[in-house]
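Read in order, the letters of the sequence shown are residues 1361 to 1745 in the working numbering. Positions of the beta carbon are idealized from the N, C-alpha and C atoms, including for glycine. A short write-up of the structure that comes next.
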Amino acid sequence: MAPDMPETSTPSGTTRPHSPGTTAPDIARAIDSALREAGGGRVAGVRTTYAYGTRGYLVQFIRGDWLCTASVDAATGKVTSIIDDSGLLPAGQQLRHRARRSPTPTVRLPLRTLRDAAAAPDDPAIAYLATDAGVAVVRLTGTARPVVEDDYVTGLGPTRRIVALPGGVAGTTTDGRAFRLDRDGRLLWQVVLPATAHTVAADPTATRLLVATGTGARELAADTGSLLDLCGTTPAHAVAYLPDGDRLVAGPRGDLSVTRPDGSPHWTTDLGDRPWTAWAQGTRVYVAGEGGLKEIAVGHGVVARWSAPARRAARTAVVTGGTVYTCEPGASVTRHDYATAGHHGSLPDLPAHPQAICLLHTPAGHPRLLTAHRDGLISTHPVHP
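As structure tokens, then:
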């Protein structure tokens, strides 16, 4: 379970929960700076300090088995120090697991480059893969072996990003188009976008699509591709829908905004680095990008961050149960603990050039992590509890 939002303390030593106000952006920036500097962690609390007339924040956070405190300058957001608070967490919080060695089932799409992966919402054993010629369909067998069921050539060139829909898939191409295919690979529609296209997201009802482009996000009707709304004119790099239909748009410099379905503003923040993928899960929003994977409480800010030591980027990620997986393109897929943000190392026996990951289930309901590799290889891996 995610922690409560942080508290502050006044010079008199009393504490109170944060309330929206002029200092809220400073506190959010302090938390994000501390977790970025530490290479990941989950926030536990924030206190306000005063030294020689200068205001600062003490950001306490969990990082693996350690409870740490970062000192952050309130005016600049600069982290001045990070210390551990008496070492290890209490007994019972040690959450490391021994890696389980097991064969890695694989299959290869010959002469294909894989760019993205998305699990089908109407069949937990099926994933769609973005290829340099269109979209491929992969199914898990009862032995967790991936099987390529279809390899659709759209005629639209390389597919950049995709979102799975009931009965099909929608995607964007490298030459600035959006399209939708049905489950049998028939092209239902295509539209030419005004600028380079990036990610695409579907609303909870699968009736609307949000497409990030270099001239802002565009909302399209999922059944026809017709334009429904323009969400700003500044470049958009990652988009998502919240469970209540609110629209999230993140720009290439890390500026993030949430708007109501009617277009009215709800909340804004600054992530501080380039985002690549965003999605809502439960009551939280997750953004993967150059700063690793961040968990965000809308209206407050970053509450957790996961990244591998010396490898901060994450293009795609999976959050399942008490485990988080992050994928850095071409480098590694790493496993983390959800509650403590502890890093548990790279997946064993992972083939080279991982590009994207998603969560699937075998027909018997066993979870498997599917990894799409840039050279056309598809592998599956056990999911740790």
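Alpha carbon to alpha carbon, how far is residue j from residue i? Give it in angstroms, no decimals.
i: Arg-1537; j: Asp-1425; result: 46 angstroms
i: Gly-1614; j: Ala-1596; result: 10 angstroms
i: Ile-1738; j: Pro-1506; result: 7 angstroms
i: Val-1406; j: Ala-1530; result: 42 angstroms
i: Asp-1476; j: Asp-1386; result: 35 angstroms
i: Asp-1516; j: Ala-1673; result: The sequence shown places Leu at residue 1516, rather than the Asp named in the question. Going from the Cα of Leu-1516 to the Cα of Ala-1673 covers about 29 angstroms.
i: Pro-1669; j: Ser-1586; result: 44 angstroms
i: Asp-1544; j: Ile-1391; result: 47 angstroms
i: Arg-1423; j: Thr-1740; result: 28 angstroms
i: Leu-1720; j: Tyr-1412; result: 55 angstroms
i: Ala-1394; j: Val-1467; result: 41 angstroms
i: Lys-1438; j: Ser-1692; result: 30 angstroms
i: Ala-1562; j: Gly-1400; result: 29 angstroms
i: Pro-1711; j: Gly-1690; result: 10 angstroms
i: Ile-1443; j: Ala-1430; result: 7 angstroms
i: Thr-1409; j: Thr-1436; result: 15 angstroms
i: Ala-1451; j: Leu-1427; result: Note that Ala-1451 scores a pLDDT of 32, beneath 50, so its modelled location is shaky and nothing firm can be said.
i: Ala-1640; j: Thr-1567; result: 17 angstroms
i: Trp-1549; j: Thr-1722; result: 31 angstroms
i: Pro-1481; j: Ala-1384; result: 37 angstroms
i: Tyr-1417; j: Ser-1441; result: 11 angstroms
i: Pro-1742; j: Arg-1521; result: 25 angstroms
i: Asp-1622; j: Arg-1546; result: 32 angstroms
i: Asp-1542; j: Glu-1688; result: 30 angstroms
i: Val-1684; j: His-1660; result: 22 angstroms
i: Arg-1415; j: Ala-1701; result: 28 angstroms
i: Gly-1574; j: Ala-1638; result: 17 angstroms
i: His-1726; j: Gly-1528; result: 23 angstroms
i: Leu-1730; j: Thr-1491; result: 15 angstroms
Between residue i and residue j, is the Cβ-Cβ spacing less than 8 angstroms?
i: Val-1609; j: Leu-1631; result: no
i: Arg-1389; j: Ala-1664; result: no
i: Arg-1578; j: Leu-1553; result: yes
i: Asp-1510; j: Val-1497; result: yes
i: Ala-1677; j: Leu-1653; result: yes
i: Ala-1398; j: Gln-1420; result: no
i: Leu-1471; j: Leu-1489; result: no
i: Arg-1728; j: Ala-1504; result: yes
i: Leu-1525; j: Ala-1582; result: yes
i: Trp-1627; j: Ala-1598; result: no
i: Ala-1487; j: Ala-1493; result: no
i: Thr-1556; j: Thr-1533; result: no
i: Asp-1762; j: His-1713; result: For the chain, the structure presents residues 1361 to 1745; residue 1762 sits outside this window and is missing.
i: Gly-1502; j: Ala-1724; result: yes
i: Gly-1682; j: Ala-1699; result: yes
i: Glu-1655; j: Asp-1633; result: no
i: Thr-1593; j: Gly-1576; result: yes
i: Trp-1666; j: Thr-1686; result: yes
i: Ala-1600; j: Val-1645; result: yes
i: Val-1508; j: Leu-1469; result: yes
i: Asp-1709; j: Thr-1464; result: yes
Run through the DSSP bridge pairs and tell me what residue i is partnered with.
i: Thr-1573; result: Ala-1557, Gly-1576
i: Thr-1414; result: Ala-1411
i: Thr-1519; result: Thr-1533
i: Arg-1402; result: Ile-1422, Ala-1664
i: Ser-1431; result: Leu-1418, Ser-1441
i: Pro-1506; result: Leu-1500
i: Pro-1742; result: Arg-1728
i: Arg-1568; result: Ala-1581
i: His-1733; result: Pro-1714
With a 10 Å radius around its C-beta and 16 neighbouring C-beta atoms as the bar for buried, classify residue i as buried or exposed.
i: Cys-1715; result: Per the sequence presented here, residue 1715 reads as Gln, with Cys not at that position. Answer is buried; the Cβ neighbour count reaches 16.
i: Asp-1606; result: buried
i: Ala-1732; result: buried
i: Asp-1535; result: exposed
i: Val-1571; result: buried
i: Pro-1564; result: exposed
i: Val-1513; result: exposed
i: Leu-1590; result: exposed
i: Arg-1695; result: buried
i: Ser-1617; result: buried
i: Pro-1625; result: exposed
i: Pro-1612; result: buried
i: Arg-1396; result: buried
i: Thr-1629; result: buried
i: Thr-1584; result: exposed
The ligand SAM and residue i: does the residue's C-beta get closer than 7 angstroms to at least one heavy atom of that ligand?
i: Val-1508; result: Among the ligands in the structure shown, none appear at all, so the ligand SAM cannot be discussed.
Of all Cβ atoms in chain D, is any one closer than 8 angstroms to the Cβ of residue i?
i: Arg-1634; result: The chain inventory of the structure shown lacks chain D, comprising one protein chain alone.
Please go through the segment 1673-1727 and give each complete beta strand (DSSP E) segment of 3 or more residues, from N-terminal end onward.
1676-1680, 1683-1688, 1692-1697, 1703-1706, 1714-1721
3-residue-minimum beta strand (DSSP E) runs that sit fully inside the segment 1462-1492, ordered along the chain:
1466-1468, 1474-1479, 1486-1491
Please specify which runs of the beta strand (DSSP E), each continuous and at least 3 residues long, are wholly inside the segment 1615-1664, giving them in chain order.
1615-1619, 1625-1630, 1635-1641, 1644-1649, 1652-1657
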